[in-house]
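A.B. asks: Can you keep this structure in mind? I'll have questions shortly.
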Amino acid sequence: MGTARVQGQRDVALNELPFRGIALNDATDNAATVTVYASDSGIIFINKFVNTVVYTLPAVADGAGKMFWFYTGINQIITITSPTATTLFSVGALGTSTSCDAAYGGSCMVVGDGSYYYLFEISGACSGKVPKSFRNSFFSSFVIMFLFVYFFKLFKSNSFDNMPSVVTYNSVVFY
């Protein structure tokens, strides 16, 4: 007999609304290394710097319930690094860093639970010590973001009364 999960119980709660703003790294505010703080949760980091940029995540213990979105707005590689060894996890592999491709529109999301960071590739290609988790077109990444925000707000309000019974996406109907 194991432990049962209480309906509605969460292991780690997102502490604030998922998307709070953007942080632009470009020719004006350029940096080859960017330190990401736990208070940056919900920020979309857009890289437009002309060289490779390394984003260093906060201490994994400070990452509980935190979410960071990284987007390549220029033809340059971005590298996302965990501050401690083997705490960045994706598709059965554990590593310390990942590099997202040098193509416009490549993006990924990193979510923490206090013990690990989990990488979700949204579009483009990520490689390195952490393999790809899933890939979608640029448009699909924004559909995923919309659905994430929609269901987060839905679960936060605990109201399913206004939830649609039919959703159509790319001519496919979901019931």
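The letter at position 77 of the sequence shown is residue 77 when you use UniProt numbering, and the numbering goes up by one with no holes. The beta-carbon is built from N, C-alpha and C at its ideal position, and this holds for glycine as well. Here the structure is a predicted model, which means the values were calculated and not measured.
1. Using the DSSP secondary-structure output, state which residues sit across from A59 in a beta bridge.
2. If the criterion is Cβ atoms closer than 9 Å, does the pair T72 and I80 meet it?
3. Which of the three DSSP states, helix, strand or coil, is assigned to S39?
4. To the nearest angstrom, how far is the alpha carbon of I43 from that of Y37?
5. Looking only at C-alpha atoms, which of E121, F120, G112 sits nearest to V60?
6. According to DSSP, simplified to helix, strand and coil, what is I68?
7. Distance, Cα to Cα, G63 vs T96?
8. With a threshold of 16 other CB atoms inside 10 Å of the CB of S115, please say whether the residue is buried or exposed.
9. DSSP three-state label for S107, please.
10. Do V53 and Q76 have their C-beta atoms closer together than 9 Å?
11. Starting from N25 and walking both ways along the beta strand (DSSP E), at which residues does that stretch end?
12. Output yes or no for whether 9 Å exceeds the beta carbon distance between D40 and F70.
13. Less than 8 Å between C-beta atoms, sequence neighbours within five positions excluded: which residues of the same chain meet that for I22?
14. Can you list, in chain order, the residues of its chain with a C-beta nearer than 8 Å to that of Y117? Leave out the 5 residues immediately preceding and following it.
15. What did DSSP end up calling V50 once you bin it into helix, strand or coil?
16. Starting from G114, follow its DSSP beta bridges and name the residues at the other end.
C.D. replies: Put simply:
1. The sequence position of residue 59 within the sequence shown is 59, counting from 1. None; A59 has no bridge partner.
2. Numbered from 1 along the sequence shown, position 72 holds the residue referred to as residue 72. Numbered from 1 along the sequence shown, position 80 holds the residue referred to as residue 80. Not in contact: T72 and I80 (Cβ atoms no closer than 9 Å).
3. In the sequence shown, the residue the question calls residue 39 occupies position 39. In this structure, S39 counts as helix in the three-state DSSP scheme.
4. Counting from 1 along the sequence shown, the entry for residue 43 is found at position 43. Counting from 1 along the sequence shown, the entry for residue 37 is found at position 37. Each residue's alpha carbon lies about 10 Å from the other.
5. Counting from 1 along the sequence shown, the entry for residue 60 is found at position 60. Of the candidates E121, F120, G112, the one whose C-alpha sits nearest the C-alpha of V60 is G112.
6. Residue 68 sits at position 68 when you count from the first residue of the sequence shown. Per the sequence shown, the amino acid found at residue 68 is Phe instead of Ile. If DSSP states are grouped into helix, strand and coil, F68 belongs with the strands.
7. On the sequence shown, residue 63 is found 63 positions in, with the first residue counted as 1. On the sequence shown, residue 96 is found 96 positions in, with the first residue counted as 1. For G63 and T96, the distance between alpha carbons rounds to 15 Å.
8. Start at 1 with the first residue of the sequence shown, and residue 115 comes out as number 115. The residue in question, S115, is exposed, as its Cβ has fewer than 16 Cβ neighbours within 10 Å.
9. Along the sequence shown, read from residue 1 onward, the residue named residue 107 stands at position 107. In this structure, S107 counts as strand in the three-state DSSP scheme.
10. As a position in the sequence shown, residue 53 is number 53, starting the count at 1. As a position in the sequence shown, residue 76 is number 76, starting the count at 1. Against a cut-off of 9 Å, the Cβ pair of Q76 and V53 comes out as a contact.
11. Taking the sequence shown and counting its residues from 1, one reaches residue 25 at position 25. Per DSSP, N25 belongs to the beta strand (DSSP E) from 21-25.
12. Numbered from 1 along the sequence shown, position 40 holds the residue referred to as residue 40. Numbered from 1 along the sequence shown, position 70 holds the residue referred to as residue 70. Contact flag unset, no.
13. For this step, residue 22 is matched to residue 22 along the sequence shown. The residues are I43, I44, F45, I46.
14. As a working note, residue 117 is residue 117 in the sequence shown. Sequence-distant Cβ neighbours of Y117 in its own chain, meaning closer than 8 Å and more than five residues away, are L57, V60, G63, S82, T87, L88, F89, V110, V111.
15. The count along the sequence shown starts at 1 and reaches residue 50 at position 50. Three-state result, V50: coil.
16. The count along the sequence shown starts at 1 and reaches residue 114 at position 114. Paired residues: none, contrary to the question.
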